[in-house]
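By this note's numbering, the letter at position 84 of the sequence shown is numbered 1403, and the numbering carries on one by one without gaps. Comments concern the structure below.
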Amino acid sequence: MRQLLLLILLFFAGQWLVKALRRVGNAADAPRNGPFDTSARPDANPGNTGGAQAQSQSRQLAEPMVRCATCGVHTPQSESILAAGQRFCCAEHAERYAARPTGRTAR
Ligand SMILES: [Zn+2]
1320 MRQLLLLILL
1330 FFAGQWLVKA
1340 LRRVGNAADA
1350 PRNGPFDTSA
1360 RPDANPGNTG
1370 GAQAQSQSRQ
1380 LAEPMVRCAT
1390 CGVHTPQSES
1400 ILAAGQRFCC
1410 AEHAERYAAR
1420 PTGRTAR
């Protein structure tokens, strides 16, 4: 039982250590304004937190929406299924599109 308590204590101590190390790293990086343009313009950007937020937002909006060739539903490109050069919202629609004969003369 004492060993378990020791393990828990070690766990919390490790987490605190990681947090402390991160805090020190952030404080050391803040006045340098990141690794990008320190040599070019050292005093060009007074606040770099807004830039980071804008970058994350544009990263969220970067994913394009694609249209399912069977039902026309728009799905994110990462969730869509690519088959026969077309995008589909689900595997069932991809199979339906592949099984369907091209052209109206078949029916
Ligand atoms: Zn579909």
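Each residue gets a CB set at the ideal place from its N, CA and C atoms; glycine is no exception.
- request: Could you tell me if the beta carbon of residue 1393 falls within a distance shorter than 6 angstroms of some heavy atom in ligand 1?
  value: no
query: So what's residue 1381 in DSSP terms, helix, strand or just coil?
result: coil
field: N-terminal and C-terminal residue of the beta strand (DSSP E) that residue 1402 is part of
entry: 1400-1402
message: So, for residue 1410: in the same chain, excluding its five sequence neighbours on each side, which residues have a beta-carbon less than 8 angstroms away from its beta-carbon?
response: 1400
query: Quick one, are the C-beta atoms of residue 1416 and residue 1389 less than 7 angstroms apart?
result: yes
- prompt: From residue 1384 to residue 1346, what does the alpha carbon distance come to, in whole angstroms?
  reply: 39 angstroms
query: Can you tell which of 1336, 1340, 1382, 1413 has the C-alpha that lies nearest to the C-alpha of residue 1397?
result: 1382
query: DSSP state of residue 1314, grouped into three classes?
result: Past the edges of the chain, shown from 1320 to 1426, lies residue 1314, and the structure says nothing about it.
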